[in-house]
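See structure below.
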Amino acid sequence: MQDTSELDDQSNPSSSPQQQLDARSHRSALLFVFLVMFIDLLGFGIVLPLLPRYGKEFLEPLYPDQSQAWLRGIILGLLMASFSAMQFLFAPLWGKISDRRGRRPFLLLGLGGSVVFYTLFGIASELGIKGEVTLGLVLLFVARIGAGIAGATVSTAQAVIADSTTPERRSLGMALIGMAFGIGFTVGPAVGAGALFFFPDFRAGPGFIAAGLSLVAFVIGWLRMPETLRPGVSAGRRSWLNLSGIELARRTPTVMALIFTFFLSTLAFATFEPTVALLTQDLLHYGDEKNFLVFVYIGAVLTFTQGGLYRQLAKRGMREITFMFTGTILMTVGLGSLGFAASAISQDTSHLFVFLAGSTLAVIGFAFVTPSIQALISVRSDPTKQGEILGVNQSANALSRILGPMAGMSLYSLPPAHVLPYVFSVALLVVVLLLTLRVRQV
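In our numbering, the protein residues as written are 9 to 450.
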């Protein structure tokens, strides 16, 4: 992990004792932010592979007829989207209140909530195999909604970084959040797989592990997390419905097209993500343990691409537009391959290669597209208005993360071949390619 002493604006060895004390406090705060984000994404990574399967197990006894498959898909999509929907609504609220009340209480509150709601997820998981599917499904929704509210601490974590770094080093601090995201999303499924491997008959295990990790982070934060809020320092207030920002983006050449491109490409990927756990079950006949390892692989590809390959190609002069073209084509080929595999579901082991190749291309493509669009939006915006426009783009991202799982799970349940989510995603990516032709003109 990057040495957080490099991020601190008070780390001069010749500084006063008070400045050195502040420097230690800031380093502690930055390390805790990394821990909070890592724990949040670790818990998310542990339960993500389980949600589609658990939901399916709960819903099929409630709605057994094949004519009700569309209803099962809609409910499962709502379950998958509920976490992101709550973050979409509550992240700006937590950030805004923390500007007045302080950062520490809300980070600790979020971790305490995660303990409660991941525990509830574990309890709901056990109810499913005991046949209490109605109560279990209700508790699953409560657990995911509560975890989304408790985990909506990204804006508060960004505020801690703003409090603890100079503007010149702010981007290095924000990189901690991205690093925590990649590591947590990679390690989380591995932890869940281990829990199911060692305790195969204890369905509550993954949820209880996520709750335990949140509890550890809460205790560390209670003992070590300093308050970083200082008078006159604010990370900015981002609203999910920023009408002035939308108008500003519309009046800036190509920026609104870039935001729409970002929305469509993220929607295409978010439609694919929740279907992975079901596709491995129907196509490859994987149980929960192997399914977790698939998510470990996807997370590792994402981390390697964004942390290594993308940076190396950028250093060698590859431009953002080229990344966008290449990434969109890779996503199109990858998701199209998954659609082909889904249209011919059987026990043929050769489908494992098609699945892995398609998933790999889709993940690498997405890792190429998203940072490139964000960079272009920043470069093509008024430097004094970047925060407002990037806030609009973040809202578009959040909206796509809500709609994608709903679309993916609903479409997956419709035809016997389960091909529609991938057809839908490929259609979106064709539009993305056309938009990329437009934005390259500037």
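Don't be surprised by glycine CBs; every beta carbon is placed ideally from N, CA and C.
Worksheet item: In the structure shown, what three-state DSSP assignment does residue 290 receive?
Response: Indexing the sequence shown from 1 puts residue 290 at position 282. The answer is helix: DSSP assigns residue 290 an H, G or I state.
Worksheet item: How about the segment 339 to 348 and the segment 297 to 317: do they share at least three Cβ pairs that are nearer than 8 angstroms?
Response: no
Worksheet item: Apart from the five residues on each side of it in sequence, which residues of its chain come closer than 7 angstroms, Cβ to Cβ, to residue 102?
Response: Locating residue 102 in the sequence shown gives position 94, counting from the first residue. Around residue 102: 114, 160, 161, 163, 164.
Discussion item. I'd like to check one pair, residue 122 with residue 212: are the Cβ atoms closer than 9 angstroms?
Written reply: Numbered from 1 along the sequence shown, position 204 holds the residue referred to as residue 212. Numbered from 1 along the sequence shown, position 114 holds the residue referred to as residue 122. No, the pair does not count as a contact, with Cβ atoms beyond the cut-off.
Practice prompt. Measure the C-alpha to C-alpha separation of residue 324 and residue 330 and round it to an integer number of angstroms.
Written response: The sequence position of residue 324 within the sequence shown is 316, counting from 1. The sequence position of residue 330 within the sequence shown is 322, counting from 1. Answer to the nearest angstrom: the Cα atoms are 13 angstroms apart.
Worksheet entry | Reference residue 278, options 415, 93, 135, 227, closest by Cα | Working through the sequence shown from its first residue, we reach residue 278 at position 270. For the residues 415, 93, 135, 227, the minimum Cα distance to residue 278 belongs to 415.
Practice prompt. Assign residue 205 to one of two classes, buried (16 or more other C-beta atoms within 10 Å of its C-beta) or exposed (fewer than that).
Written response: To locate residue 205, count along the sequence shown from 1; it is residue 197. By the neighbour-count rule (16 or more Cβ atoms within 10 Å), residue 205 is not buried but exposed.
Worksheet item: In its own chain, which residues sit with a C-beta less than 8 angstroms from the C-beta of residue 318, not counting the 5 before and 5 after it?
Response: As a first step, residue 318 is located in the sequence shown; it is residue number 310 there, counting from the start. So the qualifying residues of the chain are 331, 375, 376, 379.
Worksheet item: I think residue 336 touches residue 433, with their Cβ atoms under 8 angstroms apart; what is that distance to the nearest whole Å?
Response: Along the sequence shown, one-based indexing puts residue 336 at 328. Along the sequence shown, one-based indexing puts residue 433 at 425. No, residue 336 and residue 433 are not in contact; Cβ-Cβ is about 11 angstroms, not under 8 angstroms.
Worksheet item: What's the call for residue 35, buried or exposed, on a 16-neighbour Cβ count within 10 Å?
Response: On the sequence shown, residue 35 is found 27 positions in, with the first residue counted as 1. Burial call: buried.
Worksheet entry | Meets three-Cβ-pair contact criterion under 8 angstroms: the segment 219 to 235 and the segment 143 to 154 | no
Worksheet item: Mapping DSSP to helix, strand and coil, what is residue 313?
Response: For this step, residue 313 is matched to residue 305 along the sequence shown. Helix.
Worksheet item: So residue 53 packs on residue 195, CB below 8 angstroms; how close in whole Å?
Response: Reading the sequence shown from its first residue, position 45 is the one you call residue 53. Reading the sequence shown from its first residue, position 187 is the one you call residue 195. Confirmed, Cβ separation roughly 7 angstroms.
Worksheet item: Whose C-alpha, out of 269, 288, 229, is nearest the C-alpha of residue 363?
Response: For the purposes of this step, residue 363 is taken as residue 355 along the sequence shown, with counting starting at 1. Of the listed residues, the one whose Cα sits closest to residue 363 is 288.
Worksheet item: Which term fits residue 90, buried or exposed, when burial requires 16 or more other beta carbons within 10 angstroms of its beta carbon?
Response: Working through the sequence shown from its first residue, we reach residue 90 at position 82. Its Cβ being crowded by 16 or more others within 10 Å, residue 90 is buried.
Item to complete: With a cut-off of 8 angstroms on the beta carbons, I'd call residue 404 and residue 270 a contact; round off their distance for me.
Response: Numbered from 1 along the sequence shown, position 396 holds the residue referred to as residue 404. Numbered from 1 along the sequence shown, position 262 holds the residue referred to as residue 270. Contact flag correct, Cβ pair sits at about 6 angstroms.
Worksheet entry | Euclidean distance between Cα positions of residue 62 and residue 130 | In the sequence shown, the residue the question calls residue 62 occupies position 54. In the sequence shown, the residue the question calls residue 130 occupies position 122. In a straight line, the C-alpha of residue 62 is about 11 angstroms away from that of residue 130.
Worksheet item: From which residue to which residue does the alpha helix (DSSP H) around residue 136 run?
Response: Here the question's residue 136 lines up with position 128 in the sequence shown. Where residue 136 is concerned, the enclosing alpha helix (DSSP H) stretches over 112 to 137.
Worksheet item: Just the Cα atoms here: how many angstroms apart are residue 370 and residue 333?
Response: For the purposes of this step, residue 370 is identified with residue 362 of the sequence shown, where counting begins at 1. For the purposes of this step, residue 333 is identified with residue 325 of the sequence shown, where counting begins at 1. Their backbone Cα atoms lie some 13 angstroms apart in a straight line.
Discussion item. With H, G and I counted as helix, E and B as strand and the rest as coil, what does DSSP make of residue 413?
Written reply: Sequence index remark: in the sequence shown, residue 413 carries index 405 (1-based). The answer is helix: DSSP assigns residue 413 an H, G or I state.
Worksheet item: Are the Cβ atoms of residue 158 and residue 120 separated by less than 9 angstroms?
Response: Here residue 158 refers to the residue found at position 150 when the sequence shown is read from its first residue. Here residue 120 refers to the residue found at position 112 when the sequence shown is read from its first residue. Cβ atoms of residue 158 and residue 120: closer than 9 angstroms.
Worksheet item: From 276, 265, 50, pick the residue whose C-alpha is nearest to that of residue 429; which is it?
Response: Taking the sequence shown and counting its residues from 1, the one referred to as residue 429 is at position 421. Here the closest residue by C-alpha is 276.
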